[in-house]
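> Encoded as C-alpha cells, here's the structure I'll be asking about.
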Amino acid sequence: MDLRELYDDHAQALFAFVLHLSRSEADTRDILQEIFCRLARDPSVGGKLANPRAYLFQCAYRLFLDLCRTRATRENHASQCEPVFQDPADPDEIGFQHALLDAMNQLPAEQQAVVHLKLWQGQTFEEIAASLGLSANTAASRYRYGLEKLRMLLRPIYEEIR
Amino acid sequence: MTDFESHLRRAVVRPVPLHWREEILAAAEKGRPEPAASGIVACCIAVRAWLWPHPAVWAALAACWVLTGILCLSAPRGAALYAVTPPGVKPLRVTPGHYAVYLMARDALLAQPSRGEPEPLNRRKL
Numbered sequence: 043m044d045l046r047e048l049y050d051d052h053a054q055a056l057f058a059f060v061l062h063l064s065r066s067e068a069d070t071r072d073i074l075q076e077i078f079c080r081l082a083r084d085p086s087v088g089g090k091l092a093n094p095r096a097y098l099f100q101c102a103y104r105l106f107l108d109l110c111r112t113r114a115t116r117e118n119h120a121s122q123c124e125p126v127f128q129d130p131a132d133p134d135e136i137g138f139q140h141a142l143l144d145a146m147n148q149l150p151a152e153q154q155a156v157v158h159l160k161l162w163q164g165q166t167f168e169e170i171a172a173s174l175g176l177s178a179n180t181a182a183s184r185y186r187y188g189l190e191k192l193r194m195l196l197r198p199i200y201e202e203i204r
Numbered sequence: 107m108t109d110f111e112s113h114l115r116r117a118v119v120r121p122v123p124l125h126w127r128e129e130i131l132a133a134a135e136k137g138r139p140e141p142a143a144s145g146i147v148a149c150c151i152a153v154r155a156w157l158w159p160h161p162a163v164w165a166a167l168a169a170c171w172v173l174t175g176i177l178c179l180s181a182p183r184g185a186a187l188y189a190v191t192p193p194g195v196k197p198l199r200v201t202p203g204h205y206a207v208y209l210m211a212r213d214a215l216l217a218q219p220s221r222g223e224p225e226p227l228n229r230r231k232l
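Laid out in C-alpha cells, this is it:
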C-alpha cells in the first residue's frame, strides 16, 4: 500500500491516540514518523496487512510503551500536558475537558489506550483487542475499570455542568 | 452507551498539524531501501552487516588468522623439519687434520698434574 494513502487514511486517528497517551506533540510526531519510516524500510509489510489500522495502532502503542520505558517514569512524560482536544465554545466544557485530561492522566497506560480507542475512535472490543494485542475480554475489563475511575474522578464537575 | 460516555465522546481531538504530512513522508522516503544491489555488492553489504559494529576489527582478526595459516602451511613438517639447516649456518666438516689436533690437545690436558685437588670431605674444617 502507498505510504501517502496510509498516512491520509490513518494519520489523524494515530495522532489522536498517541497524543492522548503521551500528551506531548513532539513525542507524537516522533512516533508517527517512526511508524512510517518502518513501513518505508520494509514495504512488503504494507502490502500484506489485512487490517492496516489495527497494525498501525499496535505499532504506535508499542512505540509509546518503549518511549515510557526509556524515560523510566511516565509521570515525567505526562508532565508536559499539551492540549489534546479542540477548545469548545462552552466555557464549562473547557473546564470539563481539562478535568478529563487530568483524570485520564491518572489511568494506567493500558486503560487509557482502551478508553481512548473505545470512546474517541469508536472501536469495538474486538477491534481494540486486535489493535493492542489483547483478548476482547481483557479489553472490556480494562475499559470498565478505566471508565469507572473516570466517572469517580469527574463526578463533581460532571454533575455541575449537566 | 451511557450519558457519561456520550458526554466524554463530545470532546474532539485536535487535528494533526498539516505540515507533518510532508515532513513525515519525506523522512520515510529517505529511509526507503535502495533498489536491489548486484551480487558482489549485496554480498559485501551482507558481510559488513554481519561484522557490525566493528568491521575493521573483525577484518584485522581475520587477516591475522589467514597470515597464521599461511605461515603454518609454508613451514617444513615432520622429518623435513630436522633436515633443514638454518640459513647462514655452514655445516661443520671434520677433516682428519682437525681430529688429530683434537686428540693431541686432549692428551696434553690429561697429562698435566692436577693442582689444588679438593680435600677429602672428612678433612674439611667446619
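Chains S and D supply the protein sequences, listed in that same order. Numbering-wise, our numbering comes out as the position in the first sequence, counting from 1, plus 42. Numbering-wise, our numbering comes out as the position in the second sequence, counting from 1, plus 106. No residue lacks a Cβ here, since even glycine has one placed at the ideal position from N, Cα and C.
(1) Applying a beta-carbon distance threshold of less than 7 Å, which residues of chain S neighbour D/HIS125?
(2) Roughly how many angstroms lie between the CA atoms of D/SER240 and D/PRO202, to the nearest whole one?
(3) Checking contacts by CB at 8 Å: is D/VAL172 closer than that to chain S?
(4) What's the C-alpha gap between D/ALA211 and D/HIS204?
(5) Three-state secondary structure (DSSP) at D/VAL119?
(6) Rounded to a whole number of angstroms, what is the C-alpha to C-alpha distance between D/ALA162 and S/TYR185?
(7) Give the single residue among S/GLU168, S/GLY164, S/ALA172 and S/THR180 whose Cα lies nearest to the Cα of D/SER112.
(8) Note down, in chain order, every chain B residue with its Cβ under 7 Å from the Cβ of S/ALA82.
(9) Determine the contact status of S/LEU98 and D/ILE130, defining contact as a CB-CB distance below 8 Å.
(10) Look at the Cβ atom of S/LEU81, then the Cβ atom of S/THR70, and state whether they are nearer than 8 Å.
(11) When the Cβ atoms of the region 117-131 of chain D are set against those of the region 177-193 of chain S, are three or more pairs found closer than 8 Å?
(12) Are the C-beta of S/VAL126 and some C-beta of chain D separated by less than 8 Å?
(13) Please identify, using Cβ separations under 7 Å, the residues of the region 65-79 of chain S that lie next to chain D, in order along the chain.
(14) Got a sec? Which residues, its chain only, sit under 8 Å from D/ARG154 by beta carbon, not counting five neighbours each side?
(15) Looking only at C-alpha atoms, which of S/LYS160, S/LEU142, S/LEU48 and S/PHE106 sits nearest to S/SER66?
(16) Taking only beta-carbon atoms, is D/ILE130 less than 8 Å away from chain S?
(17) Does any residue of chain S have a CB that is nearer than 8 Å to the CB of D/ARG154?
(18) Threshold first: 4 residues or longer. Then list the alpha helix (DSSP H) segments lying entirely within the region 128-160 of chain D, N to C.
(19) Do you know offhand how far D/GLY175's Cα is from S/PRO94's?
(20) So does D/ALA162 have its beta carbon nearer than 7 Å to some heavy atom of the ligand ZN?
(21) What residue ranges within the region 131-176 of chain S form continuous alpha helix (DSSP H) runs of no fewer than 4 residues, ordered along the chain?
(22) Beta-carbon of S/ALA181 versus every beta-carbon of chain D: anything under 8 Å?
(23) Are the beta-carbon atoms belonging to S/LEU196 and S/LEU149 less than 8 Å from one another?
(24) Does any residue of chain S bring its CB to less than 8 Å from the CB of D/ALA117?
(25) Measure from the alpha carbon of D/LYS136 to the alpha carbon of each residue in S/ASP84, S/SER64, S/GLU168 and S/LEU63, then state which is nearest.
(26) Give me, in chain order, the residues of the same chain whose beta-carbon lies closer than 6 Å to that of S/CYS101; leave out the 5 immediate sequence neighbours on both sides.
Inspection of the coordinates gives the following:
(1) Per Cβ cutoff of 7 Å: no residues; D/HIS125 is ~10 Å from chain S at best.
(2) In the structure displayed, chain D extends from 107 to 232; residue 240 of chain D sits before or after that span and is not available.
(3) It does not: the Cβ of D/VAL172 has no partner Cβ on chain S nearer than 8 Å.
(4) 11 Å
(5) strand
(6) 54 Å
(7) S/GLY164
(8) The question asks about chain B, but that chain is absent: this structure's protein chains are S and D.
(9) no
(10) no
(11) no
(12) True, the Cβ-Cβ gap to chain D drops below 8 Å.
(13) ARG71, LEU74, GLN75, PHE78 and CYS79
(14) PRO161
(15) S/PHE106
(16) Chain S has a Cβ within less than 8 Å of the Cβ of D/ILE130.
(17) no
(18) DSSP runs (the alpha helix (DSSP H)) wholly in the region 128-160 of chain D: 145-157.
(19) Each residue's alpha carbon lies about 55 Å from the other.
(20) For the ligand ZN, the structure offers nothing, since it holds no ligand at all.
(21) With a minimum length of 4 residues, the continuous alpha helix (DSSP H) runs that stay inside the region 131-176 of chain S are 133-147, 151-161 and 167-174.
(22) no
(23) no
(24) yes
(25) S/ASP84
(26) ILE77
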